[in-house]
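Working notes for the structure below.
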Amino acid sequence: MSTDVRVRIAPSPTGNLHVGTARTALYNYLYAKRYGGTYILRLEDTDEERSNENYTRDIVDGLRWLGLNWDEGLEVGGPYPPYRQTEKIDHYSTMANQLIAKGKAYLCYATQEELATLKEEQKASNSAPRYDNRGRELSEVQRKHYQDEGRIPSVRFLVDEPQVVSWHDQIKGEIAIDTSDLGGDMVIVKSNGVAIYNFAVVIDDVDMKMSHVIRGEDHIHNTAKQLLIYEALEHKAPQFGHAPLIFDLERQKLSKRKHGEAVHIDHYRILGYMPEAIVNYLGQMSWTHPEGKEIYDLEEAAALFDLDKVSKSPAVFDLARLNWFNSQYLRNLPLDTIVERAQPYLTTYDTSRYTKAELTQMVASVREGLTTLAEIGPALSFYLSSQLDVNDELKASVLDSENAHKVLSGLLSTLASLPWGDHQGCKKAVDGLGKELALKGKELYWPVRAALSGKTQGPDLGAMISILGAERVKSRLESALNH
RNA sequence: GGCGCUAUCUUCUAGUGGUUAGGAAGCCGGUUUUUCACACCGGAGACACGGGUUCAAUUCCCGUUAGCGCUACCA
59 MSTDVRVRIA PSPTGNLHVG TARTALYNYL YAKRYGGTYI LRLEDTDEER
109 SNENYTRDIV DGLRWLGLNW DEGLEVGGPY PPYRQTEKID HYSTMANQLI
159 AKGKAYLCYA TQEELATLKE EQKASNSAPR YDNRGRELSE VQRKHYQDEG
209 RIPSVRFLVD EPQVVSWHDQ IKGEIAIDTS DLGGDMVIVK SNGVAIYNFA
259 VVIDDVDMKM SHVIRGEDHI HNTAKQLLIY EALEHKAPQF GHAPLIFDLE
309 RQKLSKRKHG EAVHIDHYRI LGYMPEAIVN YLGQMSWTHP EGKEIYDLEE
359 AAALFDLDKV SKSPAVFDLA RLNWFNSQYL RNLPLDTIVE RAQPYLTTYD
409 TSRYTKAELT QMVASVREGL TTLAEIGPAL SFYLSSQLDV NDELKASVLD
459 SENAHKVLSG LLSTLASLPW GDHQGCKKAV DGLGKELALK GKELYWPVRA
509 ALSGKTQGPD LGAMISILGA ERVKSRLESA LNH
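Each step along the first sequence adds one to the number in our numbering, with nothing skipped, and position 83 is 141.
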């Protein structure tokens, strides 16, 4: 009985693309690919107050940037539109009315104030906050009375208590929750006529024929509620899998409120992290490659992913580890890719003066030492800046000695014979000069480094010379001698 | 308060009824290098606690503790 795998990521546009959402999207994506299924993006925008089109844009762009492209849904279309909940408000109402007709739901006339009072009383008596189901048995007279008062009802779903709702969670195993702990009859349609999350989700998952629901474990209690709705709808529920949450270093759920931009995927893009690294990092937080491999791409993960290998316990978001992944991709991705991705970080320089080949050589000479794309700018600064500033301290300690002058002027006079374009050759030329002058090590190399790059550390010296080229090497040597 | 989930080095994790409890990041030391980085080698570093079950428990069961999550006419 192999039903078609259909999974979804269903973000709410009440904030930018969140790290946790990206992780959930990733697991859904991988699961769909693993089983040849369909991965769907749908927007849960029923909270009209907080939803914002800019957030939708950020989420859509972010998911695409990560490479988590969906087969069906928002901006892509598919057989079960619409993929925005606000476009099917009437449908949810219709479904709610069907439940009312079946006696599974009813109109509740309680006001916000009344509910708030109830809650306060419960809090005062130290009992669990819940709706007291007062609207279940309203008489026609009472109903009429409330209507005449101008009260606008919400729709509440009737929760039978006590009753145990249980399911086999594909990640957590058996989970059982008593309906008595669910807070009483729940609102499914707000008095403004808009369905509430727990109801709209179920309707959509039914409409869109979802086979599996993979989401964060903060939804476990929602799953119990939703299972009751599936039952009332007389519809088979999908399989559920609740992934562990992502924590911060203090072991708290990663949240926009507490962490601000640090939970925003695009923030990492701006900082110079690459999608491959982020996806790889996010993936391995709670899922381990069967062979223990650390570095793998989406395709490889998709071939191996499964929910029973997903950890049950939460993972801490550790930037040091993300850094490591990013640095791995920075030195292993094709050089052309890195050069292209470095462009946004080089806008302070006039790179049009250099050919693509030259820029590529520059990037190649520095990328081993970097962790983010953003560091490429500073690392290439000495290549790209028209003027090189050598600080006084360095001048005094490295450039001012007699030997330093010998090295620099010696190199200056051999410039014409340097094998430009041949990194190793240039390095050999410097070594040859060293032999002549009976100098080596720091005494030989540091003056050249300082004169050419303003630093005593950096890429291979031969590469530096060769890439800078005769003209710039000449002028920098001269200004180092004459400072 | 109620309910739920979780518990292996600092962090992410592997793993098994009998293992010197493995790997990765970070940290420390070394090799290499003109330097930084990379790479390589090495080091420190963990089964929360208490009961069971068992010849034997990190592993299975129960409890405790702790952490986290959920408890809206938010999603």
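Every residue gets a Cβ at the ideal spot worked out from N, C-alpha and C, and that includes glycine.
Here W123 carries a helix assignment [DSSP, helix/strand/coil]. For the options A253, N280 and M268, the alpha carbon positioned closest to that of G241 is the one of N280.
Membership of M522 in the alpha helix (DSSP H) is indicated by the continuous run L519 to N540.
D324 and E334 have their C-alpha atoms some 14 Å from each other. In the DSSP annotation of this structure, H481 is not part of any beta strand (DSSP E); the continuous alpha helix (DSSP H) holding it starts and ends at H481 to L495.
Classified as buried, Q284 has 16 or more neighbouring CB atoms from the shown chains inside 10 Å of its CB. Note that the stretch 299–307 touches the stretch 368–379; at least 3 beta-carbon pairs, one per stretch, sit closer than 8 Å. The criterion of a C-beta distance shorter than 7 Å is not satisfied by M343 and Y387. The beta carbons of I229 and V65 sit no closer together than 7 Å. A Cβ-Cβ contact shorter than 7 Å links C166 with R214. One thing to note: T72 has its Cβ within 7 Å of the Cβ of R108. Under the DSSP definition of a beta bridge, V260 lacks any partner.
For G527 and G492, the gap between their C-alpha atoms comes out near 20 Å.
Assigned with DSSP and collapsed to three states, E292 falls in coil, not helix or strand. In the DSSP secondary-structure assignment, K316 is not bridged to any residue. Between the alpha carbons of A415 and N110 lies a distance of about 44 Å. For H347, no pairing in a beta bridge is given by DSSP. Annotation for A295: L285 and Y288 place their beta carbon closer than 7 Å to its own, counting only its chain and skipping 5 residues before and after.
As the crow flies, the alpha-carbon of R530 is around 11 Å from that of L473. The stretch 394–464 contains, as complete alpha helix (DSSP H) runs of 4+ residues, the segments 414–424 and 434–442 (chain order). Around the beta carbon of I328, fewer than 16 other beta carbons sit within 10 angstroms, so the residue counts as exposed. Between the C-alpha atoms of E232 and Y339 there is a straight-line separation of about 28 Å. Three or more Cβ pairs drawn from the stretch 253–272 and the stretch 150–159 lie within less than 8 Å of each other, which places the two stretches in contact. Three or more beta-carbon pairs separated by less than 8 Å are not found between the stretch 491–508 and the stretch 428–446, which leaves the two stretches without contact. DSSP places W504 in the helix class (H, G or I) of the three-state scheme. Short of 6 Å from the beta carbon of A234, and not among the five residues preceding or following it, lie these beta carbons of its own chain, in chain order: V222 and S224. The alpha-carbon separation between Y138 and L431 amounts to approximately 40 Å. Distances from the alpha-carbon of T114 to those of T395, R100 and L126 put R100 closest. Take G512, set aside five residues on each side of it, and the residues of its chain with a beta-carbon closer than 8 Å to its own are F440, L446, D447, V448, N449 and L452, in chain order. Per DSSP, L380 is not a residue of any beta strand (DSSP E); the alpha helix (DSSP H) it occupies stretches across L377 to N390. If you draw a 10 Å sphere on the C-beta of Q143, you find 16 or more other C-beta atoms in it, and that means buried. Judged by beta-carbon spacing, T82 lies beyond the 7 Å limit of E130, meaning their Cβ atoms are not closer than that value.
Y503 is the residue among Y503, R273 and T413 whose C-alpha sits nearest the C-alpha of N461.
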